[in-house]
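Below you'll find the structure, written out as structure tokens, and then a few comments.
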Amino acid sequence: MFSIIIPTYNNLNYLKICCNSLKKNSEFKNELILHINDGSDGSLKYAKSNNIKFTFSKNNIGLCSSVNLAAKKSTTNFILYAHDDMYFCPEWDKILKENLDKLNTKLFYLSASMIEQNGGHIKYDCGSDYNNFDEKKLLENFKNFKSRDFQGSHWAPHLIHKEIWEKIGGFSEEFNPGVGSDPDLNMKLWIEGVRIFKGISKFRVYHFGSVSLRKKSHLKKNKGSKTFLKKWGITTSFFKKYYLRSDSEYFGPLDEPKKNVNFYFSLLGCKLKYFFTN
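If you want our numbering, it's the 1-based position in the sequence shown plus 1.
Below, the structure is given as structure tokens:
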């Protein structure tokens, strides 16, 4: 059904929780593909011993390059990108399929709702890390919270049709180790004609917010917001507000931005930032 792409960098304790949740809580036969950076913590051995597909690099090559490399091994029509510190709640893939079945297009970007200890779309404490994770508490309660489908995106996990993924070239690797890569991906999708940017309330994952691939990277730190501004001429906040209408209630495909006084005033601010950045 889905090709689940997960980059990881010596984060085995979280990776095990993530992979186990996919094995336990999936309705369909999905394809899991890891990209293992370094793997000296045992994650390489873990993938091999559990017959999990993977790509590998001796060093941390960054989130963007990791996902792009692993995605080349996908054999389904759908690329689902996720982090290794996420627990997928039951029926996640069934809910995604139900949403897909209502669409008559390959031009979509579907993302999940986050349950987090101190934030996310649903604030609920089931543990701060792998040591105190309360899976039983999560499974007994994750359906009990009211939320709504929302416009825009919470970035990961997200689903894109493979044909569109390949057409836009996946993640832009100038954003390695990863900061700013998500809005850039959304901008490329927008230019390609995608107007369905939907966060699905019932597609839920628990997110630990652990030390991630980006934070632990030895690569030169990329200032994602600056790279985005120089590439597109607008800020990520402008793009999210006027194009994606992020976090507002989902009513259907997005329209072109409303070009009113506020739009042009904010756009002027972007141009000034662009000028001083360059």
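Glycine is no exception: its CB is placed at the ideal position from the N, C-alpha and C atoms.
Check	Outcome
Bridge partner(s) assigned by DSSP for M2	Per DSSP, none; premise fails for M2.
For G194, the nearest candidate out of T236, I165, N119 and I18 (CA to CA)	I165
At least three beta-carbon pairs within less than 8 Å, the stretch 162-177 to the stretch 35-48	no
Member of I34, E28, T77 and N60 whose CA lies at the smallest distance from the CA of S41	N60
Bounding residues of the beta strand (DSSP E) (the contiguous stretch that carries A83)	Per DSSP, A83 belongs to no beta strand (DSSP E) and is neither H nor E.
Per-residue burial, I192 [other beta carbons within 10 Å of its own, 16 or more giving buried]	exposed
Cut-off 8 Å between Cβ atoms - residues of its own chain near V262, not counting five sequence neighbours on either side	none
Reduced DSSP secondary structure (H/G/I, E/B, other) of T9	strand
Status (buried if at least 16 other CB within 10 Å, exposed otherwise) for F29	exposed
Alpha-carbon to alpha-carbon, G225 and N279	15 Å
Span of the beta strand (DSSP E) around E32	E32 to N38
Reduced DSSP secondary structure (H/G/I, E/B, other) of S226	helix
Best match in K274, G43 and D94 for proximity to K227 [C-alpha to C-alpha]	K274
6 Å CB neighbourhood of L139 in its chain, flanking five on each side removed	C127 and Y207
Spatial distance of F79 from K73 (CA atoms)	12 Å
Length of the line joining the Cα atoms of N132 and I18	11 Å
Rounded distance between the beta-carbons of S4 and L81, thought under 8 Å	7 Å
Contact between the stretch 226-244 and the stretch 139-150 (3+ Cβ pairs under 8 Å)	no
Residue interval of the alpha helix (DSSP H) (run including Y47)	S44 to S50
Cβ-based neighbour list, F264, same chain, cut-off 7 Å, excluding 5 preceding and 5 following	Y243 and P258
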